[in-house]
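The sequence shown: position 154 = 154 (full-length UniProt numbering), numbered continuously. Working notes, beginning with the structure itself.
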Amino acid sequence: MLANDLAELDRAHLIHPVMSWRDHEARGPHVLAEGRGAYLTDASGRTLLDGFSGLWCVNVGYGQDSVVKAATEQMMRLPYATGYFGYAAEPSIRLAARLAELAPGDLDHVFFTLGGSDAIDSVVRFIRFYMHAKGTPERRHVISLARGYHGSSSTGAGITALPAFHRDSDLPLPWQHHIANPYPYRNPVGPEPDAIIAASLAEFHAKVEEIGADKVAAFFCEPITGSGGIIVPPKGWLPAMREACRALGILFVADEVITGFGRTGPLFACEDEGIVPDMMTVAKGLTSGYVPMGAVLMSDAVYRTIRDGSPEGATIGHGLTYSAHPVSAAVGLAVMDLYLDGGGLLAQGQRVGAYLGRRLQAFADHPLVGEVRGRGMLQGLELVTDKAAKTKPDKALGIAGKLAAQGLEHRLIFRAFADDMIGFAPPLCCTEADIDVLCERLGATLDAVL
Ligand code: PLP
1 MLANDLAELD RAHLIHPVMS WRDHEARGPH VLAEGRGAYL TDASGRTLLD GFSGLWCVNV
61 GYGQDSVVKA ATEQMMRLPY ATGYFGYAAE PSIRLAARLA ELAPGDLDHV FFTLGGSDAI
121 DSVVRFIRFY MHAKGTPERR HVISLARGYH GSSSTGAGIT ALPAFHRDSD LPLPWQHHIA
181 NPYPYRNPVG PEPDAIIAAS LAEFHAKVEE IGADKVAAFF CEPITGSGGI IVPPKGWLPA
241 MREACRALGI LFVADEVITG FGRTGPLFAC EDEGIVPDMM TVAKGLTSGY VPMGAVLMSD
301 AVYRTIRDGS PEGATIGHGL TYSAHPVSAA VGLAVMDLYL DGGGLLAQGQ RVGAYLGRRL
361 QAFADHPLVG EVRGRGMLQG LELVTDKAAK TKPDKALGIA GKLAAQGLEH RLIFRAFADD
421 MIGFAPPLCC TEADIDVLCE RLGATLDAVL
């Protein structure tokens, strides 16, 4: 089909997520046709370096034969098996066991979803069952971080704390609360880790006090804030918050939908600080975007409490038709093999992620760049118009969007966030040479917009 015809059909029929619909109709789609490794070919035949792994999900890169083979074979053998009524398919059981083995601590029980948003929703459901089973059903409130993103469902969008996701809705819901992000670059207490951690703890305790210590159920956070601007908390912040939650009987939920599966170096970002959450959400890199899948990993203690504390014979009334989908699970197993087998992509991502971080630091001197930050294959540049004063670019300038558009001109895909941030999350299959290409194209892009 001709590119123009496709664009017209898109404008007429396809609703795109998280966009101004008016702007989209004015611009039309950028149609992608094929992918191989870290590179995409668009409908006009141009080859683009995908510096964002689709939507920070195609961690193993495009065109991995073993993944395609696993999906095809599973589709031929058994394309669907419900988990309802006690049925199961082999890949789903094996993937659950593999995740339990790979995840930190006693996160031994796995509930599969279709992606990250319904993993967050599932956590909320499980928290309700848990608190009832413990005999503390009044613990209903949850606290999360400003600028946190926890999906777009009617519940998760309120745990999310980004204004676009609350507009024209009744969100956040009365049981959803937010505290400041431990954001070193622009923190009112300054950049010192100890001061930031102390301020976060003080605000958390004050919020718990305000809600009522016996009413708070859980604290949700991303180990590194993703969509809110790739914000890396100071070292020690994660364990301090985890400990505060433990002391107060508040469940600690780590949302590793972006950070999971090698994005920041280790398999899970929680490992970097040696913490074990009560529940963990994953998606994206779980199947590397080849097919949809997410999961909730639950500690043994939480699992047993729900199991043993629920009334005899009572149904745990939460399920999805496509939970533990066998094709997705077969893909997940093939993706795990790519990460881990024989000097796999996890190790490559660690090596190349360190190189990416070093290479991007060279842009810290650029007049448009206030800070370069991130970890591993998750990096971002915060944009300013005056470095010393850390002046945010005027919204009307639309500078991040202009950079992303210029990036495309230079055959590089990255993400523009709000008005002052661009982000990079290349596939773990990138080599140092691919990162050189990325940085060369980024340099030309920045200079073109200056
Ligand atoms: N949690 C985090 C941290 C995310 O970044 C995302 C998506 O980007 C989600 C949850 C929601 O995942 P999904 O888009 O698969 O529903």
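Even glycine gets a Cβ: it sits at the ideal position worked out from N, Cα and C.
- In the structure shown, Y80 falls within a coil segment according to DSSP collapsed to helix, strand and coil.
- M377 is positioned such that its CB atom lies closer than 8 Å to that of G353.
- Taken atom to atom, the span from the alpha-carbon of L338 to that of R140 is near 40 Å.
- The residue among K235, A388, A38 with its C-alpha nearest the C-alpha of R375 is K235.
- With respect to the C-alpha of G309, the residue from P137, V58, A334 having the closest C-alpha is P137.
- Looking only at R22, E209, D436, the smallest Cα-Cα distance to R11 is reached by R22.
- Annotation: G274 to R242 spans about 11 Å, alpha carbon to alpha carbon.
- If one requires a minimum length of 4 residues, the alpha helix (DSSP H) runs lying completely within the segment 68-139 are 90-102, 116-134, in chain order.
- Sequence-distant Cβ neighbours of E271 in its own chain, meaning closer than 6 Å and more than five residues away, are P104.
- Note on geometry: alpha-carbon atoms of G148 and L171 lie some 14 Å from one another.
- Taking every protein chain shown into account, the CB of A202 has fewer than 16 other CB atoms within 10 angstroms, so this residue is exposed.
- When DSSP states are grouped into helix, strand and coil, L408 belongs to the helix group.
- The beta carbon of R411 lies closer than 7 Å to those of R46, T47, L48, L49, R441 in the same chain, with the five residues before and after it left out.
- Per DSSP, reduced to three states, the secondary structure at V216 is strand.
- The segment 325-362 is shown to contain whole alpha helix (DSSP H) runs of 4 or more residues at 326-340, 345-361, in chain order.
- In the DSSP assignment, A416 forms a beta bridge with I422.
- Scanning its chain for C-beta atoms nearer than 8 Å, with the 5 sequence neighbours on each side dropped, one finds around V68 the residues Y290, in chain order.
- Nearest C-alpha to D255 among S288, K215, V208, M298: M298.
- Apart from sequence neighbours up to five positions away, the residues of its chain that approach H366 with a beta-carbon distance below 7 Å are L446, ordered along the chain.
- Not a single heavy atom of the ligand PLP lies less than 7 Å from the C-beta of S53.
- Annotation for K392: D420 place their beta carbon closer than 6 Å to its own, counting only its chain and skipping 5 residues before and after.
- Note on geometry: alpha-carbon atoms of D118 and M279 lie some 14 Å from one another.
- I258 has its CB nearer than 7 Å to a heavy atom of the ligand PLP.
- For the options G228, L368, L107, the alpha carbon positioned closest to that of A161 is the one of G228.
- When the alpha-carbon of K215 is set against those of W237, P174, P233, the nearest one is in P174.
- According to DSSP, G374 shares a beta bridge with Q379.
- Only residues of its own chain outside the window of five on either side were considered, and among them W56, G226 have a CB closer than 6 Å to the CB of I258, listed in chain order.
- If you draw a straight line from the Cα of A7 to the Cα of R27, it is about 9 Å long.
- Distance from the CA atom of A81 to the CA atom of A89, rounded to whole angstroms, is 6 Å.
- The beta-carbon separation of A400 and F417, rounded to 6 Å, stays under the 8 Å limit for a contact.
- Taking 8 Å as the cut-off, the Cβ atoms of R246 and K390 do not count as close.
- Below 8 Å, too few C-beta pairs join the segment 395-409 and the segment 312-326 to call them touching: fewer than three.
- For P239, the CB contacts under 6 Å within the same chain, skipping 5 residues up- and downstream, are E273, I275 in chain order.
- Fully enclosed alpha helix (DSSP H) runs of no fewer than 4 residues occupy 300-309 of the segment 279-327, in order along the chain.
- For A329, the closest of P427, R359, F111 by C-alpha to C-alpha distance is F111.
- Taking a C-beta distance under 8 Å as the contact criterion, G54 and R36 do not qualify as a contact pair.
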